[in-house]
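**Student:** I have a structure I would like to understand better, so I am pasting it below and will then ask my questions one at a time.
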Amino acid sequence: MDEVDTAILNAVQSNPRITLAGLAALTKATLSTCHRRLRRLEDAGYIAGYRAIIDPERVGLTFHALVFVALAPGPVDRFEEFEQAASLLPEVIEVLRLSGRPEYVLRVMTSDSAGFNILYDFQLSDLPRVASLRSELILGVPVPARAIAIPSP
Numbered sequence: 005m006d007e008v009d010t011a012i013l014n015a016v017q018s019n020p021r022i023t024l025a026g027l028a029a030l031t032k033a034t035l036s037t038c039h040r041r042l043r044r045l046e047d048a049g050y051i052a053g054y055r056a057i058i059d060p061e062r063v064g065l066t067f068h069a070l071v072f073v074a075l076a077p078g079p080v081d082r083f084e085e086f087e088q089a090a091s092l093l094p095e096v097i098e099v100l101r102l103s104g105r106p107e108y109v110l111r112v113m114t115s116d117s118a119g120f121n122i123l124y125d126f127q128l129s130d131l132p133r134v135a136s137l138r139s140e141l142i143l144g145v146p147v148p149a150r151a152i153a154i155p156s157p
């Protein structure tokens, strides 16, 4: 990793649709150098993927909540079992494992409170090894997810 790689990573974070010509102009490197370095960063796993950020409200997902999940005691594979099952629910957009109890926080989005109630009562409470659930309504997102700060080389 050098300054050119860092510049490429910062550029594709802020604009995943940037062209190779745009990267070359930004980094002051040749087009072929940018292409080679971009592919190397992708192949090495520095760039895990590209995605569009969809406005949830524009597509009807207006109810956002955090669900805190405590698991029942049991074998260590209970974590993997829970995580795999939670990943199958499309309303669960993020699963974070915590260091204490509760063990997880899930970020969920539904169209309304009725949809959330169904998700909570019939799907989340039915996930493997769940001992208890607690939810908090997200009222707003004053600082949305943003690009990570890449340390300078």
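The sequence shown begins at 5 in our numbering and counts up one residue at a time.
Where a beta carbon is used, it is the ideal one built from N, C-alpha and C, also for glycine.
Name the DSSP bridge partner or partners of Glu7?
**Tutor:** Answer is none; Glu7 lacks a bridge partner.
**Student:** Can you tell me which of Ser136, Arg62 and Ala90 puts its alpha carbon nearest to the alpha carbon of Ser115?
**Tutor:** For Ser115, the nearest C-alpha among the options comes from Arg62.
**Student:** Leu75 bridges to which residues according to DSSP?
**Tutor:** For Leu75, which the question treats as bridged, DSSP gives the partners Val134.
**Student:** State the beta-bridge partners of Tyr108 as determined by DSSP.
**Tutor:** Val73 and Arg101.
**Student:** For the candidate residues Arg21, Leu27 and Thr23, whose alpha-carbon lies nearest to that of Ile12?
**Tutor:** Out of Arg21, Leu27 and Thr23, Leu27 has the C-alpha closest to the C-alpha of Ile12.
**Student:** Rounded to whole angstroms, what is the Cα-Cα separation between Phe67 and Ala33?
**Tutor:** Whole-angstrom Cα-Cα distance: 45 angstroms.
**Student:** Between which two residues does the alpha helix (DSSP H) holding Asp47 run?
**Tutor:** That run of the alpha helix (DSSP H) goes Leu35 to Asp47.
**Student:** Would you tell me roughly how many angstroms separate the C-alpha atoms of Ser117 and Ala153, rounded to the nearest one?
**Tutor:** C-alpha separation (whole angstroms): 35 angstroms.
**Student:** What number of angstroms, rounded off, separates the C-alpha of Ala76 from the C-alpha of Glu107?
**Tutor:** Their backbone Cα atoms lie some 10 angstroms apart in a straight line.
**Student:** If you count every other CB in all the chains shown that lies within 10 Å of the CB of Met5, and 16 or more means buried, which is it?
**Tutor:** With fewer than 16 other Cβ atoms within 10 Å, it is exposed.
**Student:** Which same chain residues end up closer than 6 angstroms to Ala56 when comparing Cβ atoms and leaving out the 5 residues on each side of it in sequence?
**Tutor:** The answer is none, since no qualifying residue turns up.
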